[in-house]
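K.L.:
Residue numbers (my numbering): 16 to 136.
(1) Would residue 124 be called buried (16 or more neighbouring beta carbons within 10 Å of its own) or exposed?
(2) Cβ of residue 32 within 8 Å of Cβ of residue 133?
(3) Which of helix, strand or coil does DSSP assign to residue 31?
(4) Rounded to the nearest angstrom, what separates residue 46 and residue 53 at their Cα positions?
(5) Identify, in the order they occur along the chain, each residue of the same chain with its Cβ nearer than 6 Å to the Cβ of residue 90, setting aside the five sequence neighbours on each side.
(6) Measuring only the C-alpha atoms, how far is residue 78 from residue 95?
(7) Look at the alpha carbon of residue 111 and the alpha carbon of residue 136, and state the distance between them as a whole number of angstroms.
(8) In terms of residue numbering, what span does the alpha helix (DSSP H) encompassing residue 126 cover?
(9) Could you check how far apart the C-beta atoms of residue 36 and residue 130 are, in whole angstroms? I think they sit under 8 Å.
(10) Would you list the one or two residues that DSSP bridges to residue 55?
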């Protein structure tokens with residue numbers, strides 16, 4: 016008789032997951048602040064960053080691969096949220112932050128897609 020069927024693998028695949036610092040590195044670079052201070056700030060506020068990434072996993076981006084028709088959110092929404100989290104760190108740079116995020120949104124989406132697939136180590 017065949018044995019029990021194996022349980023489905025969880026969303027977080029340890030082999031493919033990325034450490035928190037990888038997410039922070041790419042995020043800081045994408046918003047135009049590729050500094051150690053930004054990465055440190057990102058680490059300290061990582062729960063807020065994962066909250067946005069989680070929203071991305073659920074709703075996707077309008078016009079993006081994960082877009083769930085009427086439920087999707089525009090890319091600007093994510094950039095505004097990201098720049099809001101980082102605003103105490105880069106107060107005078109909010110317009111630059113949003114512009115940089117917009118310009119680099121493809122990189123951010125790639126990063127977030129890997130978060131949706133594999134999670135954080």
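Heads up, the beta-carbon is just placed ideally off N, CA and C, and yes, glycines get one too.
This one's a predicted model, so the numbers in the text were calculated from it and none came from an experiment.
P.N.:
According to the data block:
(1) buried
(2) yes
(3) coil
(4) 10 Å
(5) 76 and 120
(6) 18 Å
(7) 31 Å
(8) 120-133
(9) Rounded, the Cβ-Cβ distance is 14 Å, inconsistent with contact.
(10) Bridge partners of residue 55: none, in fact.
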